[in-house]
Structures are given as structure tokens and as C-alpha cells.
Amino acid sequence: MDARTIIESLTGKFPEAISEAEIESPIRIRAYVDKEKAKEVCQYLKDSLQFDHLCSVCGVDYPRRNEQEAVYHIASYDHPVVLMLKAKLSRDSPEIESIVPVYWNANWYERETYELFGIFFKNHPNLKALVLPEDMLGEWPLRKDYEGFPNRTARNLV
20 MDARTIIESL TGKFPEAISE AEIESPIRIR AYVDKEKAKE VCQYLKDSLQ
70 FDHLCSVCGV DYPRRNEQEA VYHIASYDHP VVLMLKAKLS RDSPEIESIV
120 PVYWNANWYE RETYELFGIF FKNHPNLKAL VLPEDMLGEW PLRKDYEGFP
170 NRTARNLV
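Residue numbers (this note's numbering): 20 to 177.
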């Protein structure tokens, strides 16, 4: 399965939910998904397009736009295409449906993204702290307005 076939299938099945779908290279695709359809799109990717490996879930913070993004990197064991699927969220109340029922390994990725960015994954089976000490919970240390961000004392700044 190639990148063009995948985009055509996604946009054909979810014309209102998929936007800005682009082929970045023959093996890389990037697309935005409506946050209300993210779980359903992931299920389709897994069941119909052989995207059977969730590589990561992370967050991106855009304070000037008052937005955050939930970002999913999804790959396949059957074809070489990797998909970066992004969902735009309101920074004031960033929430999206958990994809743990689709990809079991989203469990820890979503927990980490929740505690570091504050993105709430609805219906997650155990959305609790994973890496932060208890006294830092709720501080969202990877948001760009977190005190001390960015750390300008790092040695290898570019």
C-alpha cells in the first residue's frame, strides 16, 4: 500500500474529519483529524489500512494560538508508510477520546502526555501520573508558558 492510496482511502471514508493530508515523502504522511473522530479514524487505520503499530502519542503547545495538538505516529508491519495524525485542541480545555481500546500501548503514551501537557484523554482506563513527582502534578511542565521554559542554561542549545 502506498501513501497516495492511504490518503485517498482516509479522505474518502472521512471527508469531513480529515484535512490537510499531505505526502511528505513516499513513506511519510501527515494529516489533521477532527478530535471527535480521532478514535474512529484510528480504528479504521488499524482495521482497513494495516496501521497496526502505534509508535507514539505526544502533545504540542501553541500558547499564542490558544491551541494544543495531540499527535499520533502510527506505522504498519505490512507496508513502509508512517502516518503522523494530528488533532487540534483548545488550550483552555484540551481533551480528546482515548485510543487505548484501539491501540493498547496508547495507555502509557496518553498518561505521559496528560501529565506533561494537560491533554485529557476521555475514557482512558487509568489516567494517572506516570513520571512526575506528586508535588508537580497539574503544573504541565512541557507547556511553553511553564516557568523556566525554555531552559536557557542547557549546554547544547542550537
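Every residue gets a Cβ at the ideal spot worked out from N, C-alpha and C, and that includes glycine.
Residue i versus residue j - alpha carbon distance
i, j, result
"residue 53", "residue 108", "9 Å"
"residue 111", "residue 127", "23 Å"
"residue 159", "residue 87", "12 Å"
"residue 73", "residue 89", "13 Å"
"residue 100", "residue 123", "21 Å"
"residue 157", "residue 135", "8 Å"
"residue 28", "residue 34", "10 Å"
"residue 51", "residue 23", "16 Å"
"residue 47", "residue 106", "17 Å"
"residue 144", "residue 125", "11 Å"
"residue 62", "residue 85", "29 Å"
"residue 175", "residue 45", "Bear in mind that a pLDDT of 48 at residue 175, under 50, signals an unreliable position, so the number given afterwards is only what the model happens to contain. Rounded to whole angstroms, residue 175 to residue 45 spans 32 Å at the Cα level."
"residue 161", "residue 80", "8 Å"
"residue 67", "residue 142", "24 Å"
"residue 102", "residue 32", "16 Å"
Contact belief for residue i with residue j at Cβ below 8 Å, rounded distance in angstroms
i, j, result
"residue 152", "residue 137", "Incorrect: roughly 17 Å between the Cβ atoms, too far for contact."
"residue 140", "residue 146", "6 Å"
"residue 49", "residue 55", "Their Cβ separation, rounded to whole angstroms, is 20 Å, which puts residue 49 and residue 55 out of contact at 8 Å."
"residue 65", "residue 121", "6 Å"
Beta-carbon spacing of residue i, residue j below 7 Å
i, j, result
"residue 26", "residue 40", "yes"
"residue 78", "residue 132", "yes"
"residue 129", "residue 58", "no"
"residue 71", "residue 95", "yes"
"residue 183", "residue 20", "The requested residue 183 is not part of the displayed model; the chain covers only 20 to 177."
"residue 164", "residue 82", "yes"
Span of the beta strand (DSSP E), counted from its first residue to its last, around residue i
i, result
"residue 140", "139 to 141"
Continuous alpha helix (DSSP H) stretch holding residue i: start and end
i, result
"residue 67", "57 to 67"
"residue 123", "It is not in any alpha helix (DSSP H) - residue 123 carries neither H nor E in the DSSP assignment."
"residue 158", "Here residue 158 belongs to no alpha helix (DSSP H), and DSSP marks it neither H nor E."
"residue 29", "22 to 32"
### Task
Entirely within the region 38 to 116 and at least 4 residues each: give me those alpha helix (DSSP H) ranges in chain order.
57 to 67
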